[in-house]
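Encoded as structure tokens, the structure appears first; notes follow it.
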Amino acid sequence: MNYWMRVQALFKRKQLNRDLEDELAFHLAMREAKNRTRGIDGQEARYAARRQFGNVTRIKEACHEAWSFVGLETTWRDLRYGARALAKNAGFTIVAVLAIALGIGVNTGLFSVLNGVALKLLPIPRAEQMVSVDQIFHGKLQRNVHGELGLFSYAEYKNYRANNHVFSGLLAYAPFLEATLGGENLKQLLGAETSCNFFDVLGERPALGRVFVESDCSAPGASPVVVLSDHLWRSRFGADPTVVGKSVSLNRAKFIVIGVAAPGFGGLDPWPSEFWAPVTMQKALEPDRDLLEEDNTGWLALLGRMRGGISLEEVRADLGVIAGRIDQQYPGRTTTLAIHARSLRAARRTERGVWDRSSGAGGRGTGSANRVRERGESPAGEGLRQTEGNCHPAGNRGDPLAHRPAVVDGESADCVFGRSAGVTPGVLVD
Amino acid sequence: MEKQGDLVQGTLDMLVLKALARGAKHGYGVAEWIHESSNDVLHVEEGALYPALHRLELKGLLSAEWGASENNRRAKYYALTAAGRKKLAEEAEYWRRMSAAIARVMQMA
Numbered sequence: 052m053n054y055w056m057r058v059q060a061l062f063k064r065k066q067l068n069r070d071l072e073d074e075l076a077f078h079l080a081m082r083e084a085k086n087r088t089r090g091i092d093g094q095e096a097r098y099a100a101r102r103q104f105g106n107v108t109r110i111k112e113a114c115h116e117a118w119s120f121v122g123l124e125t126t127w128r129d130l131r132y133g134a135r136a137l138a139k140n141a142g143f144t145i146v147a148v149l150a151i152a153l154g155i156g157v158n159t160g161l162f163s164v165l166n167g168v169a170l171k172l173l174p175i176p177r178a179e180q181m182v183s184v185d186q187i188f189h190g191k192l193q194r195n196v197h198g199e200l201g202l203f204s205y206a207e208y209k210n211y212r213a214n215n216h217v218f219s220g221l222l223a224y225a226p227f228l229e230a231t232l233g234g235e236n237l238k239q240l241l242g243a244e245t246s247c248n249f250f251d252v253l254g255e256r257p258a259l260g261r262v263f264v265e266s267d268c269s270a271p272g273a274s275p276v277v278v279l280s281d282h283l284w285r286s287r288f289g290a291d292p293t294v295v296g297k298s299v300s301l302n303r304a305k306f307i308v309i310g311v312a313a314p315g316f317g318g319l320d321p322w323p324s325e326f327w328a329p330v331t332m333q334k335a336l337e338p339d340r341d342l343l344e345e346d347n348t349g350w351l352a353l354l355g356r357m358r359g360g361i362s363l364e365e366v367r368a369d370l371g372v373i374a375g376r377i378d379q380q381y382p383g384r385t386t387t388l389a390i391h392a393r394s395l396r397a398a399r400r401t402e403r404g405v406w407d408r409s410s411g412a413g414g415r416g417t418g419s420a421n422r423v424r425e426r427g428e429s430p431a432g433e434g435l436r437q438t439e440g441n442c443h444p445a446g447n448r449g450d451p452l453a454h455r456p457a458v459v460d461g462e463s464a465d466c467v468f469g470r471s472a473g474v475t476p477g478v479l480v481d
Numbered sequence: 006m007e008k009q010g011d012l013v014q015g016t017l018d019m020l021v022l023k024a025l026a027r028g029a030k031h032g033y034g035v036a037e038w039i040h041e042s043s044n045d046v047l048h049v050e051e052g053a054l055y056p057a058l059h060r061l062e063l064k065g066l067l068s069a070e071w072g073a074s075e076n077n078r079r080a081k082y083y084a085l086t087a088a089g090r091k092k093l094a095e096e097a098e099y100w101r102r103m104s105a106a107i108a109r110v111m112q113m114a
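Pasting the structure below:
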């Protein structure tokens with residue numbers, strides 16, 4: 052099919068129509084003349100010619116279709132018709148357009164969020180090897196919670212790290228640590244306390260200085276060092292190339308800057324961390340609790356890098372043995388582990404809570420104990436809970452999702468105990 | 006229901022090409038030539054003839070030119086192109102084989 056001729060025809064439509072008229076008129080005239088030679092009268096000869104010829108309009112249309120891009124032109128005609136109809140009903144059009152825009156916007160937005168926090172792997176080298184480990188407790192148990200129920204104590208972390216056979220590295224970190232950076236202008240920061248293999252397991256190299264080494268975590272309080280995020284380094288320290296070795300104040304404790312993380316690295320949660328301190332400096336950052344010594348307090352998230360060739364099933368089996376051994380220390384407690392390929396998902400199911408930012412400028416909490424009662428099975432803190440007592444602590448740990456009154460199981464409660472709910476852990480009682 | 010003199014399905018293009026094999030003709034001339042050459046048996050519907058002529062022109066099998074007719078009217082004359090001649094030869098060969106095969110089948114006792 053000669054497309055060029057058809058394209059040309061688009062611009063010579065009138066000429067084509069005229070030619071077609073002439074061509075058909077010539078045919079009719081010839082037929083009429085022939086009829087006359089057969090002895091048919093003038094007027095009748097014309098009618099007979101027309102009858103023989105058939106529907107002229109239909110023939111014109113058929114010829115026209117041969118010359119045109121039928122599908123394209125029909126679509127264009129439909130669009131113009133649609134536009135005219137919409138223009139006549141402005142109210143309907145506005146509502147329809149807004150509804151469609153809203154629908155598309157909501158879908159796009161939701162997918163962006165889902166993709167950003169749930170589907171996308173961590174932005175680190177060989178992210179597919181990373182798995183998160185959460186605890187799910189069964190039975191009646193007593194446990195302190197500093198964050199969410201599925202978190203690990205420091206002792207448990209060391210146990211899993213020392214005795215597993217499936218990870219090339221297992222890191223722990225306490226996310227959403229709120230701290231005040233001292234200086235002429237105080238600044239609230241979100242950071243994390245991390246095990247000293249944190250950057251090594253993630254495969255993250257610093258842009259400046261160094262990251263933690265094992266000796267930084269050798270003893271509680273031994274190594275007041277901090278790694279800054281690239282963002283903090285640029286925004287607060289003017290990208291000072293000599294920042295390494297300088298001293299900064301975090302929650303009024305002195306820390307030495309040992310390095311600056313690579314640009315774009317913000318830790319493991321959707322809300323980027325601005326600094327990282329060794330987990331052994333927990334008491335310096337949160338002076339009213341010594342979580343390192345509390346073997347039955349969950350406050351650390353665990354993330355492992357699987358050795359090559361190890362499957363998730365093998366990870367579950369291997370860690371399950373360690374969980375069983377730990378359970379023996381706590382009669383009545385049965386622990387199963389939830390092990391998943393780790394994505395940058397939202398806040399490790401950070402629970403809702405209320406905390407008082409106004410009195411938390413210094414980051415020091417004065418929250419009173421929260422008694423959290425739990426019945427039966429409670430997968431990672433999702434079970435039936437009731438809270439008692441004053442639940443309005445001034446917390447060190449900030450939860451970007453917080454500042455909402457919480458309702459538990461349909462009942463109004465002072466708060467739900469969560470990561471954001473202050474420095475004082477809740478006590479699970481039977 | 007087929008009328009007496011209707012063309013065999015799919016043969017219109019071939020007949021048009023054949024009609025033009027001996028020289029340029031206008032549409033009316035093509036229809037008349039087919040009618041007369043078949044001893045008034047075949048009758049070409051004008052409703053199908055003109056779209057076919059335009060289609061063949063677009064395919065490059067026919068060329069078209071405006072000229073004066075025998076009664077001195079403005080008429081559009083169609084002529085075979087080289088591609089049209091080639092196509093006619095192919096169609097004729099195909100038709101020969103098909104009609105012979107059909108004739109053989111119909112002659113079977």
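Residue numbers (my numbering), protein chains in the order written: chain A, 52 to 481; chain B, 6 to 114.
All C-beta atoms, glycine included, are put in the ideal place defined by N, C-alpha and C.
At a CB-CB cut-off below 7 Å, which residues of chain A make contact with residue i?
| i | result |
| --- | --- |
| K30(B) | Under the 7 Å cutoff, chain A gives no residues; its nearest Cβ is about 12 Å from K30(B). |
| H40(B) | Under the 7 Å cutoff, chain A gives no residues; its nearest Cβ is about 11 Å from H40(B). |
| R60(B) | A117 |
In angstroms, rounded to a whole number, what distance separates the CA positions of residue i and residue j?
| i | j | result |
| --- | --- | --- |
| E199(A) | Y211(A) | 19 Å |
| N195(A) | W350(A) | 9 Å |
| M103(B) | L66(B) | 23 Å |
| M111(B) | M19(B) | 23 Å |
| P145(A) | D251(A) | What sits at residue 145(A) in the sequence shown is Ile, not Pro. The alpha-carbon atoms of I145(A) and D251(A) are separated by roughly 55 Å. |
| P321(A) | G167(A) | 8 Å |
| M113(B) | A105(B) | 13 Å |
| R483(A) | E124(A) | Since the first residue of chain A shown is 52 and the last is 481, residue 483(A) is not available in this structure. |
| L149(A) | G122(A) | 29 Å |
| R422(A) | Y205(A) | Because the pLDDT at R422(A) is just 33, under 50, the model does not fix this residue reliably, and the point stays unresolved. |
| T245(A) | A270(A) | 14 Å |
| T401(A) | V294(A) | Unreliable positioning characterises T401(A) in this predicted model, as indicated by a pLDDT of 37, which lies under 50. The coordinate reading is nonetheless provided below. The alpha-carbon atoms of T401(A) and V294(A) are separated by roughly 33 Å. |
| E207(A) | I373(A) | 9 Å |
| P176(A) | R356(A) | 11 Å |
| Y54(A) | F120(A) | 9 Å |
| R135(A) | I151(A) | 19 Å |
| D45(B) | V21(B) | 16 Å |
| A113(A) | R64(A) | 15 Å |
| Q239(A) | S300(A) | 12 Å |
Flag this pair as yes or no: are the beta carbons of residue i and residue j separated by less than 8 Å?
| i | j | result |
| --- | --- | --- |
| G272(A) | T331(A) | yes |
| Q186(A) | F203(A) | yes |
| H40(B) | H31(B) | no |
| G310(A) | R261(A) | yes |
| L192(A) | G359(A) | no |
| L25(B) | Y83(B) | yes |
| G242(A) | S324(A) | yes |
| G482(A) | E50(B) | Nothing about residue 482(A) can be read from this structure; chain A reaches only from 52 to 481. |
| A183(A) | L354(A) | Note on residue identity: the sequence assigns Ser, not Ala, to residue 183(A). Result yes, Cβ atoms of S183(A) and L354(A) sit closer than 8 Å. |
| A335(A) | P257(A) | no |
| R102(A) | E83(A) | no |
| V217(A) | E365(A) | yes |
Go to residue i, then tell me how far its beta strand (DSSP E) extends in each direction, as first and last residue.
| i | result |
| --- | --- |
| W327(A) | F326 to P329 |
| E70(B) | L67 to A73 |
| D260(A) | The sequence given here has Gly at residue 260(A), not Asp. Unbroken beta strand (DSSP E) run through G260(A): P257 to G260. |
| E344(A) | Premise fails: E344(A) is in no beta strand (DSSP E) and is neither H nor E. |
| G167(A) | Neither: G167(A) is in no beta strand (DSSP E) and is coded neither H nor E. |
| K305(A) | A304 to A312 |
| Q333(A) | No beta strand (DSSP E) contains Q333(A), which is instead part of the alpha helix (DSSP H) from Q333 to L336. |
| Y224(A) | F218 to L232 |
Output, in chain order, the set of chain A residues within a Cβ distance shorter than 8 Å of residue i.
| i | result |
| --- | --- |
| K91(B) | Here the premise fails: no neighbours, minimum Cβ distance about 16 Å. |
| S43(B) | What S43(B) touches in chain A: nothing, since even the nearest Cβ is about 17 Å away. |
| G65(B) | N53 |
| E50(B) | G105 |
Which bits of chain B does residue i rub up against, with CB to CB less than 9 Å?
| i | result |
| --- | --- |
| W55(A) | The premise fails here: W55(A) is roughly 10 Å from chain B at the closest Cβ pair, so nothing lies under 9 Å. |
| L75(A) | G32, E51 and Y55 |
| A392(A) | Residues of chain B passing the Cβ test: none, with the nearest at roughly 59 Å. |
Determine the chain B residues that contact residue i at a beta-carbon separation under 8 Å, and present them in chain order.
| i | result |
| --- | --- |
| I110(A) | E51, G52, Y55 and P56 |
| D70(A) | W71 and K81 |
| A138(A) | Correct list: empty, because the minimum Cβ distance to chain B is about 36 Å. |
Kindly list, in the order they appear in chain B, the residues whose Cβ is closer than 7 Å to that of residue i.
| i | result |
| --- | --- |
| A80(A) | R78 |
How far does the alpha helix (DSSP H) with residue i in it extend, from its first residue to its last?
| i | result |
| --- | --- |
| F355(A) | Note on residue identity: the sequence assigns Gly, not Phe, to residue 355(A). Taken as a continuous stretch (DSSP letters only), G355(A) belongs to no alpha helix (DSSP H), being part of the beta strand (DSSP E) at A352 to M357. |
| Q112(B) | A87 to Q112 |
| H282(A) | D281 to F288 |
Which residues, in order along the stretch 73–105 of chain B, keep a beta-carbon less than 8 Å from a beta-carbon of chain A?
S74, N76, R78, R79, A80 and K81
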